[in-house]
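> Residue numbers (the working numbering), protein chains in the order written: chain L, 5 to 310; chain S, 34 to 313. Mind having a look at this structure? Questions to follow.
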Amino acid sequence: MRNTFADTFYKAGVEDPRLSIVVADISPAGSIEKFRSDFPDRFLNTGVSEQIMIGMCAGMAQRGLRPFAYTIATFALFRPYEMVRDDLCYQNLPVTVVGIGGGVTYSTLGGTHHAMEDVAIANAIPNMTIIAPCDPAETKAATEWCVTQERGPVYLRLGKAGEPDFSSSSPELWEFGKARKLRDGSDVCILSYGPIMKKAFEVAEGLQQNGKSTAIYSVHTLKPLDRKTISRVLNEYKQVIVIEECVSVGGLSDSVTRIAWEEKAGCRLDTFTLKDEFIHCYGSHDELLAAHGLSSEEILQKVSSD
Amino acid sequence: MSDTGKSSNRNFVDIEEAQKRCQGYRRRILEVSQNVTALHIAPAFSCLEITDALYNLIMKKDKSGEITDVFLMSKGHGCMIQYIILEEMGVLSSRDIELYCKPEGRLGAHPDYGNPGIHASTGSLGHGLGIAAGQAYAEKLKGTDTNIYCVLSDGECQEGSTWEAMLMAGNLNLSNLVAVIDNNDFSGLERMSEGHPAFYPLAEKAEAFCWEVVEVDGHDSAAIAEAIWNRSGTRPFLVVAKTIKGKGVSFMEHVPIWHYRSPNKEEYKQALLEIEGASK
Chain L
5 MRNTFADTFY
15 KAGVEDPRLS
25 IVVADISPAG
35 SIEKFRSDFP
45 DRFLNTGVSE
55 QIMIGMCAGM
65 AQRGLRPFAY
75 TIATFALFRP
85 YEMVRDDLCY
95 QNLPVTVVGI
105 GGGVTYSTLG
115 GTHHAMEDVA
125 IANAIPNMTI
135 IAPCDPAETK
145 AATEWCVTQE
155 RGPVYLRLGK
165 AGEPDFSSSS
175 PELWEFGKAR
185 KLRDGSDVCI
195 LSYGPIMKKA
205 FEVAEGLQQN
215 GKSTAIYSVH
225 TLKPLDRKTI
235 SRVLNEYKQV
245 IVIEECVSVG
255 GLSDSVTRIA
265 WEEKAGCRLD
275 TFTLKDEFIH
285 CYGSHDELLA
295 AHGLSSEEIL
305 QKVSSD
Chain S
34 MSDTGKSSNR
44 NFVDIEEAQK
54 RCQGYRRRIL
64 EVSQNVTALH
74 IAPAFSCLEI
84 TDALYNLIMK
94 KDKSGEITDV
104 FLMSKGHGCM
114 IQYIILEEMG
124 VLSSRDIELY
134 CKPEGRLGAH
144 PDYGNPGIHA
154 STGSLGHGLG
164 IAAGQAYAEK
174 LKGTDTNIYC
184 VLSDGECQEG
194 STWEAMLMAG
204 NLNLSNLVAV
214 IDNNDFSGLE
224 RMSEGHPAFY
234 PLAEKAEAFC
244 WEVVEVDGHD
254 SAAIAEAIWN
264 RSGTRPFLVV
274 AKTIKGKGVS
284 FMEHVPIWHY
294 RSPNKEEYKQ
304 ALLEIEGASK
């Protein structure tokens, strides 16, 4: 996802001289390194200083540039939170904040590097837009949208590198603000976003083997949320499952539960989120997810029980 | 310092004219204070000559009189003086000032981006200089001659973010950035010199971050303008303006309660007398 973002941004940056990138001491991957050498004035490194990374992006946007702030998700959103809130969101400026390693992607680095509540926090700020692509193909589409948007601040939540492809054979194209069907099915529907999409596919396979036809939607745009599609899904399927790599408060699970109540949906609804806990566990991404109760086996068992 | 304007190599500053303007601004702010319960009167009096110098002596205007440089009130609570000057320039209307802090109006106790003449929303301290650095960098990138002027409180120099901005402006050599610190030595709770002795010296700290720095009497519009005109223009420039919080009204000077309070009728009369007397 990181490299796809870099490639896509580079291509757009060649065309649009307003596009610039401000990083906070993070080594620029792939094409961002090329962007740095080809357009040194439009690449800024503020060093280990995230508040000025966001502050400068705000000022640059006010004077006509289209800056992207880019660093690890925790440092993109938590460290400079008030700058994101006041400088970007309150002033409603077209700045994209790219958070690398949303959720527990940095699985060996411990709690300081886990953006467990990033989506929840970004969700709570007025004017903020949140996009969380699930794979490289969605990252490309989302980045292409971000480089031309004039709407306001965006939190673009990415994984790391090496994510498999989930969406290029999807029956639907990526469209901003619209939940996207990645897999057809008629009994159960899974709603998910971001790199944890791999669990959605594993669970869908398991359900399919148990004779339940399972659809999957990528809810890549979390704010504004595609209430229309979610309402339809809640009314169309017997069972709806939400799987997300975010704490339960303020994430997709909360939103879908609220919509289900408001729509008087009759389906069964199971939601799976990160635990409300700092877990002192180090391992692979899958192992961290399992420690949060998000292994496909555990999810499958819970959604299959009565 | 009152005759420094005469030695200016760029412009002659009519000192009496500047003092008259500032007297008028103080009078107008006192007038407005009678319509609302809270106005941040002392912080506005503190940076009054600084704001006057920047708007009336320093910033470039186009043929129609519109200012082409950028003014940011990073100490957002000082904005009443900015509003009054914008009113005088016709950027804001007297109706705007009349409706200050009222639901039908658009001006609040901190500046809001999007209102006429306001280039950033401030109020939370430690944001303005970072935004100013971004604006200055963008103007450099675009190759314009636009300068960014940013007024800071000394209190907000206690925010780490201000020093992130100082460092980055120094790194990037933002020669089109001018900051003025309204150094009245008061934060909300106490005098900096008493509560935070390591706060000083201030000028040397900024110099160590590659800024060019000058200290001036912050209630002398001419001296402030002079300092800015005479800068080398090769680095970001800082004016440490020595000021008095509540300047111009004896019972407000150095008295913390006037950070936020509006004078009652008696106090208003007394304040007005002192302001008028200052010109004699």
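Cβ coordinates follow ideal geometry from the N, Cα and C atoms, glycine included.
1) Three-state secondary structure (DSSP) at LYS279 (chain L)?
2) Under 8 Å between the Cβ atoms of ALA311 (chain L) and MET5 (chain L)?
3) Evaluate GLY297 (chain L) with the Cβ neighbour count: other Cβ atoms within 10 Å of its Cβ, from every protein chain shown; 16 or more gives buried, anything less gives exposed.
4) In the DSSP assignment, what are the bridge partners of ALA212 (chain S)?
5) Do GLU109 (chain L) and GLY34 (chain L) have their C-beta atoms closer together than 8 Å?
6) Within 10 angstroms of the Cβ of GLN305 (chain L), are there 16 or more other Cβ atoms? Answer buried if so, exposed if not.
7) Between the C-alpha atoms of ASN217 (chain S) and LEU48 (chain L), what's the straight-line distance to the nearest angstrom?
8) Which whole-angstrom value is the C-beta distance of TRP149 (chain L) and HIS224 (chain L), which I expect to be below 8 Å?
9) What does ILE74 (chain S) reach in chain L if we use C-beta pairs closer than 7 Å?
10) Within the continuous alpha helix (DSSP H) that includes ILE303 (chain L), where are the two ends?
11) Taking Cβ-Cβ distances shorter than 9 Å, what residues in chain S pair up with LEU69 (chain L)?
12) Kindly say whether THR100 (chain L), judged by its beta-carbon, lies nearer than 8 Å to any beta-carbon of chain S.
13) Counting only the same chain and skipping the five closest in sequence on each side, list residues whose C-beta sits under 6 Å from that of GLY138 (chain S).
14) Whole-angstrom Cβ separation of SER196 (chain L) and GLU248 (chain L), contact assumed at under 8 Å?
15) Taking the alpha-carbon positions, what's the ASP45 (chain L) to GLN153 (chain L) distance?
16) Which residue's Cα is closest to the Cα of PHE82 (chain L): L:HIS117, L:LYS268, L:VAL251 and L:THR12?
17) If contact means a Cβ-Cβ distance below 9 Å, which residues of the segment 145-160 of chain S contact chain L?
18) Can you list, in chain order, the residues of its chain with a C-beta nearer than 8 Å to that of HIS152 (chain S)? Leave out the 5 residues immediately preceding and following it.
19) Looking only at DSSP bridge pairs, what is LYS227 (chain L) linked to?
20) With H, G and I counted as helix, E and B as strand and the rest as coil, what does DSSP make of LYS39 (chain S)?
21) Could you give the first and the last residue of the continuous beta strand (DSSP E) run that contains PHE72 (chain L)?
22) Spatial neighbours of MET34 (chain S) within its chain, please: CB distance less than 6 Å, with the 5 preceding and 5 following residues excluded, ordered by chain position.
23) Tell me which residues share the same chain as GLN212 (chain L) and place their Cβ nearer than 7 Å to its Cβ, disregarding the 5 neighbours each side in the sequence.
24) Taking only runs that begin and end inside the segment 53-108 of chain S, name each unbroken beta strand (DSSP E) of 3 or more residues, in chain order.
25) For the candidate residues S:HIS110, S:ALA171 and S:LYS135, whose alpha-carbon lies nearest to that of THR155 (chain S)?
26) Just checking my contact of ASP20 (chain L) with ARG70 (chain L) at CB under 8 Å: how many whole Å lie between their CB atoms?
27) Pop quiz: PRO76 (chain S) and HIS292 (chain S) are said to be a contact at Cβ under 8 Å. What is the actual Cβ separation, rounded to whole angstroms?
28) When DSSP labels each residue in this structure, what does GLN213 (chain L) get in the three-state scheme?
Answer, in terms of the structure:
1) coil
2) Outside the displayed range of chain L (5 to 310) lies residue 311 (chain L), so it cannot be described from this structure.
3) exposed
4) S:CYS183 and S:LEU271
5) According to the sequence provided, residue 109 (chain L) is Thr. The question's Glu does not apply to it. No.
6) exposed
7) 34 Å
8) 10 Å between Cβ atoms; not a contact.
9) Under the 7 Å cutoff, chain L gives no residues; its nearest Cβ is about 24 Å from ILE74 (chain S).
10) 300-308
11) GLY167, TYR170, ALA171, LEU174 and LYS175
12) no
13) LEU132
14) 6 Å
15) 22 Å
16) L:HIS117
17) ASP145, TYR146, GLY147, HIS152, ALA153, SER154, THR155, GLY156, SER157, GLY159 and HIS160
18) VAL103, PHE104, LEU105, TYR146 and GLN168
19) L:ILE134
20) Reliability fails at LYS39 (chain S), whose pLDDT of 35 lies under 50, so the model's placement of it is uncertain and no value is given.
21) 70-76
22) In this predicted model, MET34 (chain S) has a pLDDT of only 34, less than 50, meaning its place in the structure is not dependable; the value taken from the coordinates is given anyway. ASP250, ASP253 and ALA256.
23) THR218
24) 103-106
25) S:HIS110
26) 7 Å
27) 6 Å
28) helix
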